[in-house]
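Structure first, then comments.
There are 2 protein chains.
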Amino acid sequence: MHTCDHEQLHHMAAEAAKANMPQEEDVGRVAAVFKAVSEPSRLKILFALRQGEMCVYHVVEAVGGTQSAVSHQLRMLREAHMIKARRDGQNVVYSLADEHVLAVLELVCTHVKCKI
Amino acid sequence: MHTCDHEQLHHMAAEAAKANMPQEEDVGRVAAVFKAVSEPSRLKILFALRQGEMCVYHVVEAVGGTQSAVSHQLRMLREAHMIKARRDGQNVVYSLADEHVLAVLELVCTHVKCKI
DNA sequence: TCAATATATGAATAACTGTTCATATATTAC
DNA sequence: GTAATATATGAACAGTTATTCATATATTGA
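Sequences listed follow chains R and W, in order.
So the first sequence is numbered by our numbering: it starts at 10 and just counts up by one.
So the second sequence is numbered by our numbering: it starts at 10 and just counts up by one.
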């Protein structure tokens with residue numbers, strides 16, 4: 010049996026944590042969002058799209074890499090609902106999904122003291 | 010040469026994106042934060058610590074898994090500055106690093122419409 | 001219809017990552 | 001000092017993932 014100086018307090022927190030833990034499925038959905046932006050290559054795309062919507066060609070221009078790699082990355086970001094796409098003629102134009110995305114970016118940048 | 014209906018506009022956005030792209034090192038630091046919470050097992054620890062500080066034993070109680078696995082996960086979260094640790098006798102007590110962590114969690118949960 | 005342009009995608013592989021197991025370190029009580 | 005408890009960690013393996021390459025789809029213009 011475990012005991013620590015704050016046994017009672019920690020035990021209550023643990024019990025509350027179990028009671029308030031989101032469903033496995035929701036945890037997974039939240040984790041998927043974080044995973045989408047956990048790679049520098051994809052994170053750069055979000056930073057780029059802060060400047061406004063862009064078609065794939067210009068995303069490639071902004072962040073570098075091959076068209077194929079960027080296209081794969083865009084798909085993952087879209088599936089995580091971090092960006093949205095609309096077709097415009099021959100082009101597909103990408104932009105940040107909503108204001109949450111910008112807010113999260115800014116929060117984390119503040120957190121790690123990164124000027125953006 | 011590429012052209013799209015919004016060639017001029019997208020090109021300017023791409024140029025601005027390149028000019029305002031954070032340093033490679035900063036992109037990496039931000040990505041590391043997201044990576045830390047991109048695994049359900051680690052995300053659960055953050056959800057758990059919303060209820061208050063806990064020693065390792067009680068984190069294990071709250072989120073499941075082995076002591077070793079949880080300890081590895083705690084280290085990654087600490088290295089990403091998402092949680093902080095203080096020793097208290099035989100125990101090490103963990104808590105969320107600061108208010109940014111809670112704010113980011115809440116934002117993303119709102120984003121994916123997950124009740125927490 | 002065909003050619004040209006823009007974007008997407010399946011498969012393969014190399015690199016990365018999470019967990020487990022065994023063990024190490026740190027603290028307390030004796 | 002030793003024993004017991006709490007936590008941390010290195011190595012290895014299994015599973016995952018990012019990129020590349022080749023190719024497919026979609027749209028436009030002729």
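Backbone N, C-alpha and C define an ideal beta-carbon position, used for all residues, glycine too.
It should be emphasised that the depicted structure is a prediction, and the values quoted were computed from it without experimental measurement.
Distance between residue j and residue i (C-alpha atoms, nearest Å)
| i | j | result |
| --- | --- | --- |
| Y66/R | Q76/R | 7 Å |
| S50/W | I125/W | 17 Å |
| E34/W | K53/R | 12 Å |
| V113/R | V68/W | 26 Å |
| A28/W | F56/R | 11 Å |
| H81/W | V72/W | 14 Å |
| Q99/W | V46/W | 27 Å |
| R87/R | Y103/R | 9 Å |
| D97/R | P31/W | 29 Å |
| T12/R | E108/W | 29 Å |
For residue i: DSSP bridge partner residues
| i | result |
| --- | --- |
| N100/R | D97/R |
Contact under 8 Å by Cβ, residue i with residue j
| i | j | result |
| --- | --- | --- |
| A22/W | M91/R | no |
| V110/R | R38/W | no |
| A25/W | Q60/R | yes |
| L58/R | L116/R | no |
| V36/R | A89/R | no |
Chain-ordered neighbours of residue i on chain R, where CB pairs are closer than 7 Å
| i | result |
| --- | --- |
| S47/W | A40, F43, K44 and S47 |
| M63/W | H19, A22 and A23 |
8 Å Cβ cut-off: residues of chain R touching residue i
| i | result |
| --- | --- |
| A78/W | Near A78/W there are no residues of chain R at all, since even the closest Cβ is about 16 Å away, more than 8 Å. |
| G74/W | Going along chain R, no residue has its Cβ under 8 Å from G74/W, so there is no contact; the nearest lies around 13 Å. |
Neighbour list for residue i in chain W, Cβ cutoff strictly below 7 Å
| i | result |
| --- | --- |
| T119/R | H109 |
Proximal chain W residues relative to residue i, where beta-carbon distance stays under 8 Å
| i | result |
| --- | --- |
| M85/R | In chain order: nothing, as chain W lies at least about 12 Å away. |
Fully enclosed by the region 19-106 of chain W, which beta strand (DSSP E) runs are 3 residues long or longer?
As far as the region 19-106 of chain W is concerned, its whole beta strand (DSSP E) runs of at least 3 residues are 92-97 and 100-105.
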